[in-house]
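Counting in the UniProt record's numbering, the sequence shown runs from 1 upward without gaps. Data block below; observations after.
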Amino acid sequence: MQALSQAAQKLMEIARHRAQTQSPETQSQQNSQSDDVVDAEFEEVK
1 MQALSQAAQK LMEIARHRAQ TQSPETQSQQ NSQSDDVVDA EFEEVK
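In structure tokens, the structure reads:
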């Protein structure tokens, strides 16, 4: 369990470092490209 926690901590450090080094413009481009969320209204037919 301790090895898993250490590995997860290292991955979080890498992710945090990458997020800090990217410019805001690059981050917004990546967010818009990977955004597959659809917001829709629907009416339930009974």
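All C-beta atoms, glycine included, are put in the ideal place defined by N, C-alpha and C. All of these numbers come straight from a predicted model, not from anything done at the bench.
Whole angstroms is fine: what's the gap from residue i's alpha carbon to residue j's?
{"i": "A8", "j": "T21", "result": "20 Å"}
{"i": "M12", "j": "S5", "result": "11 Å"}
{"i": "K46", "j": "I14", "result": "50 Å"}
{"i": "H17", "j": "E44", "result": "46 Å"}
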